[in-house]
């Protein structure tokens, strides 16, 4: 009986050891998966020739400015798309700053940009809702205006998105304004230096952001960039 009891204890010890090792392995796998899902990127507003430099520092996706608030296509967007795709960035998005005092309609502004980049590869086209002092005071009109951008982007067979945050959106668009296109994504603009999508306050019909710009005006690879984060 004593030998049987010792054997049982040995077996139980072996089982417990296996359980502990498996638990550790599962935790390790989970940790690695979380690392793989959390990626860093850069927002680019100037010409960049070497996107590989960003990748070497583990910034693997890029948000490229494509349209200026003065009503012109960014002169660097085409070359940046070519260089970013050549460097095989994980993905590339493009964003536009709408021209609020131009004679160009939202549809015309989108078409100007699309004409310039239609033969290049990128994932989404975002419209920025920022700088509340620059927008007209009529929130209902502003809401209709931004939705015209989103609708035109979708008509050009691109995935639309909005870049903003809770405070800016509510001041410019009003808390009742919603983006009507259900496929649109949210780029959360919050410079709190925190690489996390937690504490997001819903706005515009978005319940969770796709990514976040969490820091600004950082010099990297010889250019000034903003820093982004996503669980993707």
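Residue numbers (my numbering): 2 to 233.
For each residue, glycine too, the CB sits at the ideal point set by N, CA and C.
Going by DSSP in three states, residue i sits in which element: helix, strand or coil?
i, result
"residue 98", "coil"
"residue 170", "helix"
"residue 130", "coil"
"residue 85", "helix"
"residue 53", "helix"
"residue 159", "coil"
"residue 149", "helix"
"residue 112", "helix"
"residue 31", "At residue 31, the pLDDT of 39 sits below 50, so the modelled position is not reliable and the matter cannot be decided from this model."
"residue 63", "strand"
"residue 144", "helix"
"residue 80", "helix"
"residue 119", "coil"
"residue 73", "strand"
So, are the CB atoms of residue i and residue j less than 8 Å apart?
i, j, result
"residue 67", "residue 118", "yes"
"residue 93", "residue 82", "yes"
"residue 181", "residue 198", "no"
"residue 230", "residue 41", "yes"
"residue 222", "residue 55", "yes"
Using C-beta distances below 7 Å, list every residue in its chain close to residue i, excluding the 5 sequence neighbours before and after it, in chain order.
i, result
"residue 226", "43, 44, 45 and 219"
Give me, in chain order, the residues of the same chain whose beta-carbon lies closer than 8 Å to that of residue i; leave out the 5 immediate sequence neighbours on both sides.
i, result
"residue 121", "79, 82, 83 and 86"
"residue 33", "Only weak support exists for where residue 33 lies, its pLDDT of 38 falling under 50; the value from the coordinates is given anyway. Closer than 8 Å at Cβ, skipping near neighbours: no residue."
Contact defined as beta carbons within less than 8 Å: I believe residue i pairs with residue j. What is the distance between those atoms, to the nearest angstrom?
i, j, result
"residue 166", "residue 132", "That pair is no contact at about 12 Å."
"residue 170", "residue 204", "4 Å"
Give me, in chain order, the residues of the same chain whose beta-carbon lies closer than 6 Å to that of residue i; leave out the 5 immediate sequence neighbours on both sides.
i, result
"residue 157", "115"
Notebook entry, point to check: Does the segment 159-166 come within contact of the segment 187-194, defined as at least 3 CB pairs closer than 8 Å?
Noted result: Note that the segment 159-166 touches the segment 187-194; at least 3 beta-carbon pairs, one per stretch, sit closer than 8 Å.
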